[in-house]
Amino acid sequence: MQAVEGYAIGLDFGSNAVRCVVIDCATGHEAGVGVWGYRCGDKGVFGSASNPHVARQDPKDFVDGLCAVVPMALLDAVEKNPSFSIDSVIGVGIDTTGSTPMPVDENLKPLAFREEFRDNLNAKAWMWKDHSSVSEAELITRKAKEIRPEYLSICGGTYSSEWYFSKVFHCLNVDPQVFDAAYIWLEMADYLPALLCGIDCVDDMKFSVCAAGHKAMFNESWGGFPDSSFWESIDPRLGEYRDRLPSRAYSSDHRAGELCVEWSRKLGLPAGIPVAVGAFDAHLGAVGAGVGAGRMVKIIGTSVCDVLVGADVDQIPGVCGIVDGSIVPGMKGIEAGQSAVGDIFNWFIEKVCGGDASTFAQLEEQAAKLKPGQSGLMALDWQNGNRSILADARLTGLIVGLTLQTTQAEIYRCLLEATAFGARRILDRLEEYGVDVREVVACGGIAEKNPLFMQIYADVLGRTMMISASSQTCALGAAIMAMVAAGIYPDVPAAQKRVCSFKEEVYRPVSSAKVVYDQLYKVYCELHDSFGFGNHASVMKELLKIRQ
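The numbering used here applies: residue 1 is where the sequence shown begins, and numbers increase by one.
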C-alpha cells in the first residue's frame, strides 16, 4: 500500500455531549480532541412530568455543538503539534444515537426551529431511549405478524417503541399538528451529514442503511422500507407518509456529499472534502474497536449495544437487527443490547443512595471484597425495559433476596452482576443461532474505569474481555468511514488494521468464580423467563397500570 497521509475528522453525537477527534490516517493516533456538553434541557435531555417515558432533545444542541467542537479539536491538534495543517484534513465522518428521529419540513429545516413549535416536545428530536410509543410499536408488530411477517425477521420478531416508525406513528396520534407540518422525519444520522453538505432536499440525500435497516425495517429484498399498503392498513396517513421516503440506503463507506462552503467556514475545514454517510454510534464504535469475525464489541455507557458481523446470518429471535452493510460493508451487521446498564448504576448511586462520584468509589471498593453469591441477591436489569431478547419496554427492575442485613455494596454488586447475566442471555441466544463469539472487546468509560465490572463480565460470560485503546471509539469509527469514503483505504478492514488497537489490560475468567456464576445464572434465567413471558409476566405491567 502506498504511503498514507492526512487526518480524518470523526464526530460522535452522544446522549449528553458531542465529541470530535482528529485522527492520523496512517497510525490512528488521536491528534486532537474536543468535547462539548449539550446545553438544553437536563444535560441535553427533555423529559415530561406527566410521562416518564418521554426523552427528547433540541436539535439546536447538535448544531451549536458542531460549531463549537470541531474548532476545539482543531485547536487542540495545533497546540499539540504546531506543524499540523488544517489543509491536511481529508474528510468527515459522523455517528449519532439512534433511533433519534425528528420532524423537518420540505427544506430539511427542523420544526423545532419554528417559533410555533419551539416549546413543543413533539417537534424536537425523539431520543433513542424515548419509550412513549409502546402501544404504536405493539400495533405495528401485531399487523406485521398478520400480513408481513418478513418485516419482523430482521429485527428479532418485535418492532420496538424505541424505533423510527413507532415514534412517527405516536406523534400522529398525540400531536397531528406536528405530524402534518412535517414533510419527513430524519434520523440525526441522516440530518447532520446533509446539513454539512448543504443539502436541502430529500431527493438529494443518501440515507444511512444502518439507521434504515436497524430501526425502520428497510431491506432491499422487499423494495426498501415497508410498503405503503402495509402502513395504510394501520393508518391511511402513514401510507401517504411512506411515499415520501427514499428507495435506497447506503453504507457509511459512501459519500453523503462534500462539505459545503458555509459549513467549511463555520468549522474551519477545507470546503469540498467528503462527508461520509452517517451511522449510529454503537455501530461505528464497533468499527473503531476493531469488530470482526468472532469478535463481539460491547459499547458500554448509559445503555449497552452489542455489535457483531457475520457472513451467513439470517434470523435470530430477540436480536434487534441483522442488516447488510450496516457496520462493515460486505458483511451482515448484527445488533443486540440492553436498555440500561450505566443508567442503572447511576440510578442506584444518585437516586437510592443519594450519593455522588465518591460514593461510586466507596461502593466499588466494598463490592470488590465480596465473593460471587455471597450477598444472596439476584436482580433483573430492566429498569429501562428489556431490549434483547424480550424487546419489551414495559418490563421493570427487580431485586430478590433482600434482608435486614443487606448492604448498599451488596446491592451495587448485585446490579453489576445482573447486567452481566443480561449480557450472557444475549450471548447464549447468538450462539444458539450459530454466531461464533470467541472474544469480547469493551469500550466506553465504564470499561476503562471499572475493573470490577470487567472481571465480573469475564467470569459470567466465560470469555476474555479486552478494552479498546481508544477512549473515543465511536468517533474513531466515524473517522475510519471518512478515510474509506475519501479513498485513503480501499475498505474498512484495511483501515482497521492500521488504526485500531487494544489496551494491555486483559480480563480472563476465573474458574472458581465462573462455577458460582453458572449457578447464579440459572436463577437469573428462571426470573427472566417467569417475569418476561411466564407465570409472572403480568406483574410488572399491572404495577405500571396502577401507577398510571
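We put the CB at the ideal spot given by N, CA and C, even for glycine.
Bear in mind the structure is a predicted one, so any value in this text is a computation, not a measurement.
### For residue 256, three-class secondary structure by DSSP
strand
### Query
Could you give the residue range of the alpha helix (DSSP H) that holds residue 20?
Unbroken run through residue 20 is the beta strand (DSSP E), 17-24; no alpha helix (DSSP H).
### Query
Taking Cβ positions, are residue 157 and residue 537 nearer each other than 9 Å?
no
### Message
For residue 31, report the span of its beta strand (DSSP E) as first-last.
### Response
30-37
### Query
Can you give the Cα-Cα distance for residue 458 and residue 228, rounded to whole angstroms?
46 Å
### Of the residues 252, 212, 39, 238, the one placed nearest residue 484, counting alpha carbons only
252
### Query
When you compare each of 524, 113, 106, 18 to residue 72 by their alpha carbons, which one comes out closest?
18
### Query
What first and last residue would you give for the beta strand (DSSP E) that runs through residue 186?
184-187
#### Entry: Whole-Å CB distance - residue 171 paired with residue 165, under 8 Å assumed
About 11 Å; that fails the 8 Å criterion.
### Query
Taking the alpha-carbon positions, what's the residue 438 to residue 512 distance?
20 Å
### Cα-Cα separation, residue 122 to residue 287
33 Å
### Message
Please state the DSSP three-state secondary structure of residue 72.
### Response
helix
### N-terminal and C-terminal residue of the alpha helix (DSSP H) that residue 199 is part of
Taken as a continuous stretch (DSSP letters only), residue 199 belongs to no alpha helix (DSSP H), as it is neither H nor E.
### Message
Would you call the stretch 466-480 in contact with the stretch 10-17, where contact means no fewer than 3 C-beta pairs closer than 8 Å?
### Response
yes
### Task
Scan the stretch 117-157 and note each continuous alpha helix (DSSP H) run of 4 residues or more that stays entirely inside, going in chain order.
134-147, 149-152
### Message
For a test of the three-state rule: what should DSSP assign to residue 13, helix, strand or coil?
### Response
strand
### Query
residue 92 and residue 32: beta carbons closer than 9 Å?
no
### Query
When DSSP builds the beta bridges, which residues end up paired with residue 308?
334
### Message
If distances are taken between C-alpha atoms only, which option among 108, 207, 16, 321 comes closest to residue 183?
### Response
108
### Query
Candidates 529, 523, 275, 496: which alpha carbon is nearest residue 26's?
496
### Query
Should residue 426 go down as buried or exposed, given a rule of 16 or more other Cβ atoms within 10 Å for buried?
buried
#### Entry: C-beta atoms of residue 313 and residue 336 nearer than 9 Å
no
### Task
Please name the residue in 284, 265, 369 whose C-alpha comes closest to that of residue 209.
284
### Query
So the alpha helix (DSSP H) residue 515 belongs to, where does it begin and stop?
511-532
### Message
Less than 9 Å between the C-beta atoms of residue 325 and residue 500, yes or no?
### Response
no
### Message
On the CB-based measure, 16 or more other CB atoms within 10 Å of its CB, does residue 546 come out buried or exposed?
### Response
exposed
### Query
Can you name, in chain order, every residue of its own chain whose Cβ lies under 6 Å from the Cβ of residue 543, other than the five neighbours on each side?
none
### Task
Could you have a look at residue 280 and say whether DSSP puts it in helix, strand or coil?
strand
### Query
What did DSSP end up calling residue 91 once you bin it into helix, strand or coil?
strand
### Message
What residue range does the beta strand (DSSP E) around residue 464 cover?
### Response
464-468
#### Entry: Same chain, Cβ closer than 6 Å to residue 159, five either side skipped, listed in chain order
137, 140, 141
### Query
Between which two residues does the alpha helix (DSSP H) harbouring residue 546 extend?
539-547
### Query
With a CB to CB cut of under 6 Å and the five nearest residues on each side skipped, what residues in its chain are close to residue 224?
218, 247
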